[in-house]
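Notes to accompany the following structure.
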Amino acid sequence: MSRDEVVQRILAEFRRSGYQGATLASLSEATGLGKSSLYHYFPNGKADMGEAALQAVGIWLGENVLPALSEPGSPEKRLKKFSAGLSEFYAKGSKPCLTDLFTIGEAGELYQQYLKQRLGGLIKALAAVVAETGVSAEEAGRRAEDAMITLHGSLVVSRALGSTAPFTRTMRNFPAVLLGQ
Numbered sequence: 001m002s003r004d005e006v007v008q009r010i011l012a013e014f015r016r017s018g019y020q021g022a023t024l025a026s027l028s029e030a031t032g033l034g035k036s037s038l039y040h041y042f043p044n045g046k047a048d049m050g051e052a053a054l055q056a057v058g059i060w061l062g063e064n065v066l067p068a069l070s071e072p073g074s075p076e077k078r079l080k081k082f083s084a085g086l087s088e089f090y091a092k093g094s095k096p097c098l099t100d101l102f103t104i105g106e107a108g109e110l111y112q113q114y115l116k117q118r119l120g121g122l123i124k125a126l127a128a129v130v131a132e133t134g135v136s137a138e139e140a141g142r143r144a145e146d147a148m149i150t151l152h153g154s155l156v157v158s159r160a161l162g163s164t165a166p167f168t169r170t171m172r173n174f175p176a177v178l179l180g181q
């Protein structure tokens with residue numbers, strides 16, 4: 001099994017159990033690797049596994065979602081494509097918010113800077129698209145931040161309600177909210 005496959009299985013376990021809830025035993029079971037093999041791939045244990053999982057997410061989003069923001073076309077068209085990509089990543093709201101899972105307890109201490117940087121970059125990229133419509137940079141930044149709050153909140157609410165409807169509605173309205181429509 002390749003390292004990438006191992007990382008995908010680790011990511012799935014973190015999504016299933018949360019960072020705090022995932023144990024070395026559950027990560028070993030999820031990957032089919034013994035604990036010593038996991039340490040071969042990840043010498044610092046669970047901390048390295050979490051970092052690898054977050055980096056894999058960053059790569060996937062960088063290849064499949066973020067390019068939509070810089071493609072030709074209207075801001076609305078690009079934001080719709082971006083929303084569709086996020087919807088795919090979160091399996092239409094059935095997969096949990098990783099920002100939530102990786103900011104609780106020990107994970108928060110380990111990954112807060114990484115998440116702050118990634119989320120800040122995403123907000124900046126969204127704000128740049130919104131600013132193309134003529135709103136001030138300050139207003140564009142506020143809308144982009146509010147959109148991220150709504151997106152991540154909708155994932156938590158969807159999980160709590162056992163329904164993907166809040167996430168689906170949020171993603172459907174995502175471009176309009178950002179564009180002030």
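Just so we're aligned: 5 in the UniProt record's numbering is position 5 of the sequence shown, and the numbers increase by one with no gaps anywhere. Where is the CB? At the ideal position from N, CA and C, for every residue including glycine. Because the structure is a prediction, the values reported are computed rather than measured.
Where the alpha helix (DSSP H) through residue i begins and ends
i    : result
N173 : A165 to L179
V65  : Looking at the DSSP string, V65 is not in any alpha helix (DSSP H), and its letter there is neither H nor E.
F89  : P75 to F89
S26  : L24 to T31
T133 : Careful: T133 lies outside any alpha helix (DSSP H) and carries neither H nor E.
I10  : R3 to G21
K95  : Where K95 is concerned, there is no enclosing alpha helix (DSSP H), given that its DSSP letter is neither H nor E.
S36  : K35 to Y41
From the options, residue whose alpha carbon lies closest to that of residue i
i    : options                   : result
A47  : A147, L119 and L24        : L24
D4   : V135, V177 and V57        : V57
S158 : Q20, K92, K81 and I104    : K92
K80  : L115, V129, G134 and A137 : V129
G50  : L110, G32 and S87         : L110
V177 : T133, F89 and L115        : T133
G180 : S154, A30, D146 and P166  : D146
S2   : R169, Y41, Y90 and A84    : Y41
7 Å Cβ shell around residue i - same chain, five flanking residues per side excluded
i           : result
residue 207 : Residue 207 is absent from the model: the chain starts at 1 and stops at 181.
L53         : In the sequence on display, residue 53 carries Ala and not Leu. Once the five neighbours on either side are set aside, the close Cβ partners of A53 are V7, I10, L11 and F14.
S28         : G34, K35 and L38
Other residues of its chain near residue i: CB distance less than 8 Å, five sequence neighbours each side excluded
i    : result
I104 : G18, Y19 and Q20
T164 : K92, G93, S94 and S158
G108 : F102
Sequence-distant residues of the same chain with beta carbon closer than 6 Å to residue i, five excluded per side
i    : result
R143 : V130 and L178
> Any chance the region 33 to 49 sits against the region 60 to 77, with 3 or more Cβ pairs inside 8 Å?
Replying inline: Contact fails between the region 33 to 49 and the region 60 to 77, because fewer than three Cβ pairs, one in each stretch, are under 8 Å apart.
>> Taking contact to mean 3 or more Cβ pairs, one atom from each stretch, closer than 8 Å, check whether the region 121 to 136 and the region 67 to 81 are in contact.
In response: Counting Cβ pairs under 8 Å, three or more are found: they touch.
>> I'd like to know if the region 140 to 156 and the region 166 to 177 are in contact, where contact means that at least 3 CB-CB pairs between them fall below 8 Å.
In response: Yes, since at least three Cβ pairs between the region 140 to 156 and the region 166 to 177 fall closer than 8 Å, the two stretches touch.
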